[in-house]
Amino acid sequence: MTYMLHSVAEQAVNGIFELCSYFFFAMYSFFISNAHNIANSFFSSNLKNVMDNLENDLFNNSPSKDTSKCKYFPCTLLQDVKLDSGPSYALRERIVGAESVNFISKQLDLIRPVIESLVDHDIIEKYYTEILAVIPEMRECIYGCAVSCLIDYDRFVNDVMTTKWDIDQLQSQHSIYVDNILQVRSFVS
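Residue numbers (the working numbering): 13 to 201.
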């Protein structure tokens, strides 16, 4: 069936890449873009650079021969989804977003041989080496931002530091930091 696509293959592949790029940027803007100050340990400058380039490519209003004819609108979440309020900080939505990004990335990897048979290798090489290469970082960052919201690290570190680790003073109950982790787990469930 793909032999019929050769006449429109370049436009079709560019459309697929553009749609996936829009989805990747949407997940980034929903779950990561304003959280880099919260989770610096999860946030890579490479991810930010790639997403900034995607934003420029997708939302650039200046006409040029390389830009698509589609106009993309900025991404917005439903008002019901509260990323900054507890108890779960939209963890379910973050999981769906992270796993969807990962799934689409894997699907693009699976169809790469078909795409390479339809269009010039140079056209897709940039997409696969630059954009799809940061998707694992993006997934990790989405989860890291969620964990940063759920766990108060300063309190957690303080609880671990104040735990008496002397073998003579072992308690028959949990330490305070374990209780706090269990409390976070109950919010997520």
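Glycine included, each C-beta is placed from N, C-alpha and C at the ideal position.
Here Ile136 is buried. Its C-beta has 16 or more other C-beta atoms within 10 Å. Counted as a single uninterrupted DSSP element, the stretch harbouring Tyr140 is not any alpha helix (DSSP H), since DSSP gives it neither H nor E.
In the DSSP assignment, Thr174 falls within the unbroken alpha helix (DSSP H) covering Tyr165 to Thr174. Around the beta carbon of Tyr165, fewer than 16 other beta carbons lie within 10 angstroms, which makes this residue exposed.
Cβ neighbours of Ile188 within its own chain (closer than 8 Å, five residues either side excluded): Asp171, Thr174 and Thr175. Contact between Val146 and Val62 holds, since their C-beta atoms are separated by about 5 Å, short of 8 Å.
Cβ-Cβ distances below 6 Å link Ser41 to Cys87 in the same chain, with the five nearest sequence neighbours on each side left out; the list follows chain order.
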